[in-house]
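K.L.:
In my numbering, the protein residues as written are 4 to 690.
1. Hey, is the stretch 598-618 in contact with the stretch 634-653, meaning 3+ C-beta pairs nearer than 8 Å?
2. I'd like the span of the alpha helix (DSSP H) that includes residue 328, first residue to last.
3. Can you tell me where the beta strand (DSSP E) holding residue 171 begins and where it ends?
4. Quick one: grab the DSSP three-state call for residue 677.
5. Cβ of residue 129 less than 9 Å from any chain D Cβ?
6. Output needed for residue 664: all residues of its chain with C-beta closer than 8 Å, excluding positions within five of it in sequence on either side, in chain order.
7. Taking 9 Å as the threshold (C-beta atoms), are residue 681 and residue 656 in contact?
8. Assuming residue 99 contacts residue 67 under a Cβ cut-off of 8 Å, what Cβ separation, rounded to an integer in Å, is found between them?
9. Please classify residue 410: is it buried, with 16 or more other beta-carbons within 10 angstroms of its beta-carbon, or exposed?
10. Whole-angstrom Cβ separation of residue 319 and residue 309, contact assumed at under 8 Å?
11. Considering only residues of the same chain and omitting the five flanking positions on each side of residue 541, which have a CB-CB separation below 8 Å?
12. With distance defined between alpha-carbon atoms, name the residue in 592, 60, 613 and 611 nearest to residue 624.
13. Going by CA-CA distance only, name the one from 198, 79 and 651 that's closest to residue 107.
14. So, using beta-carbon positions, are residue 453 and residue 336 closer together than 9 Å?
15. Buried or exposed: where does residue 570 fall if 16 or more other Cβ atoms within 10 Å of its Cβ makes it buried?
16. Can you name, in chain order, every residue of its own chain whose Cβ lies under 7 Å from the Cβ of residue 45, other than the five neighbours on each side?
17. Using DSSP's beta-bridge definition, name the partner residues of residue 86.
18. Classify residue 606 as helix, strand or coil using the three-state DSSP reduction.
19. Using a Cβ-Cβ cutoff of less than 6 Å, which residues in the same chain neighbour residue 533 once the five nearest sequence positions on both sides are dropped?
20. Contact check, residue 394 vs residue 342 under 8 Å by CB: the rounded distance?
21. Helix or strand or just coil, what does DSSP make of residue 176?
22. Skipping 5 residues on each side, what residues in its chain have a beta carbon closer than 6 Å to that of residue 257?
23. Would the stretch 75-89 count as touching the stretch 189-206 if we require 3 or more Cβ pairs under 8 Å?
24. Tell me the rounded alpha-carbon separation between residue 194 and residue 352.
25. Evaluate residue 398 with the Cβ neighbour count: other Cβ atoms within 10 Å of its Cβ, from every protein chain shown; 16 or more gives buried, anything less gives exposed.
26. Report the option in 377, 614, 425 and 572 whose CA atom is closest to the CA atom of residue 59.
27. Would you tell me roughly how many angstroms separate the C-alpha atoms of residue 131 and residue 52, rounded to the nearest one?
28. If you run the structure through DSSP and keep just helix, strand and coil, what is residue 182?
29. Taking the beta carbon of residue 539 as the centre, do at least 16 other beta carbons fall within 10 Å, making it buried, or is it exposed?
30. Assuming residue 402 contacts residue 338 (C-beta within less than 8 Å), just tell me the rounded distance between them.
31. I'd like to know whether the C-beta atoms of residue 443 and residue 479 end up nearer to each other than 9 Å.
32. Between the Cα of residue 446 and the Cα atoms of 346, 408 and 584, which residue gives the shortest distance?
33. What three-state label does DSSP hand residue 315 in the structure shown?
34. Are the stretch 558-573 and the stretch 589-608 touching by the rule of at least three beta carbon pairs closer than 8 Å?
35. Taking the alpha-carbon of residue 374 as reference, which of 268, 684 and 467 has the nearest alpha-carbon?
Pasting the structure below:
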């Protein structure tokens, strides 16, 4: 670290640390940057990272012995290929992967499990793994901000370890595995063959052309009636003999998810049908001829749809009719992604399912759990059993078929309720602190899903609230340096702008955040177009116009140089002092940016004077530990170093390091940036 040059103000290396003024009018600050985990070399430290959800495993996996043996051989001696479990939804691909993961854990191998349902969460999870395996903090920070391919950061450290298993689950949309412009078939993205460990993927996409020649597909089909019957007997041992179980398994086409639902239903305390024969008779009597055919011809959605419909009818007969409405609401969330139970407001759910009290909602959720229509992961990261249910999730196939079967009225009611739940759960999650990042991470996949599938179904205040939530989430992602994720949220939200008035405040806010995100993913011409569009359409006298001008001036400073930016910033400052006051955070942020532009054109003495003045006023108005104040202190230390005042620079850096460690934590990227700057200051290349 001693030979690393001191980061230069205004360069890509420390841009994030210097952009605290962006959108200050909403009390948002880019210094509030979350960086999970703590770097630690070695696979041993990484054992508890991305621990597989072994709590989902059934007591015994049936009918997969040959495939599991083949995979176990590959685990012991990887062949340098990516191995892909492909098959219909509901055939038990994830269960096969979980069984192999359990065997690997028993062998003492490090096992990591990541979901590919959401591209941003997948990237975030794999970068957490990279840090745990020993990647430098600055590399991970560069990867998060898109300045270095995240997949390269992971594989650089992953290949240094041996005898591991990495599972990428639910990779049904191959496009979500693309990164840094590299497709799955390229073999140089997230998925790469290795002889150091085994990469295993589960997917509904069985087209070998999508996976490339470096991958080997293993088709996971439906179970035979023999093995399907054993699954049913395992789940409901008192529901009949093996012959009856096999007959029912054949009727359900051997689809594992349907078998699980049927067995769970027969074992449920709400069970109306008491035996395999009774259950099969109901299927026959209600005209489900579509369930016939061979396993190769089975329509997974038809089988599962019919099975869960029987489960809901059974619950209605048992007096738990609210379960149907609850499932309809939960189906709008991102499937196979945990939904924090703490965010399932009982009042909102009660209105959606027609249950007047909390007890009814709880009973409905418990009933859905009992018949397997929702799942609850019950393991913590270290493999210990968790107390109670912290999260629930809906199987992707169940969610898909539930949505398809809703009529117009039900669609409107359940989509609106799901949107209201999400908005309510995230209402207190502002984008102004690193502590918010983990909570937002739990909800971001659900927000993206809601924008895509529920957004077109809702209107009025419900849509406005959803869009406002998207704005705050996109802002948080931008502040955190997750620019691609911020772009995805803004683009998903902006699709719905025609449903709002053109001058609706949230529409302009989303466009501003989108422009900021575009700037950092090298879509600068699009960013500039948005800024010019906003500047020409927002009327004079609108206070948001000042914020847009500030955003644009910072864009100009980054892309076009200090002279033009300084002119824009000084004109902005005059108007801010008049309209907002000299002590307003946005006014102070503009003064900070002016000092940076002055430093950028080489007048370091004047820059130091300006920075000391704004630092003094920030400490008085905002506080010494406020994020904008910390950013100014960093800039001042850099200017002192450039001026040759090594003693002053070191003192300022050390003071800043103490404050950042206290406020942000020692592993935060900005704390690490200051630490590297201090180390460089004391090395041969001081500036």
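Heads up, the beta-carbon is just placed ideally off N, CA and C, and yes, glycines get one too.
P.N.:
Result, derived from the coordinates:
1. yes
2. 325-333
3. 167-172
4. If DSSP states are grouped into helix, strand and coil, residue 677 belongs with the helices.
5. Included in the structure is just one protein chain, with no chain D present.
6. 674
7. For residue 656 and residue 681, yes; Cβs fall inside 9 Å.
8. 5 Å
9. exposed
10. Going by Cβ atoms, the distance from residue 319 to residue 309 rounds to 16 Å, so no, they are not a contact pair.
11. 511, 547, 548 and 551
12. 592
13. 79
14. yes
15. exposed
16. Residue confidence is low: residue 45 scores 48 on pLDDT, short of 50, so the model does not pin down where it sits. Its coordinate-derived value is still stated next. Taken in chain order, the residues that qualify are 137.
17. Per DSSP, the beta-bridge partners of residue 86 are 203 and 219.
18. DSSP places residue 606 in coil when its eight states are reduced to three.
19. 514 and 518
20. 6 Å
21. coil
22. 225, 226, 231 and 298
23. yes
24. 40 Å
25. buried
26. 377
27. 8 Å
28. strand
29. exposed
30. 4 Å
31. Yes, they are a contact pair.
32. The candidate whose alpha carbon is nearest that of residue 446 is 346.
33. helix
34. yes
35. 268
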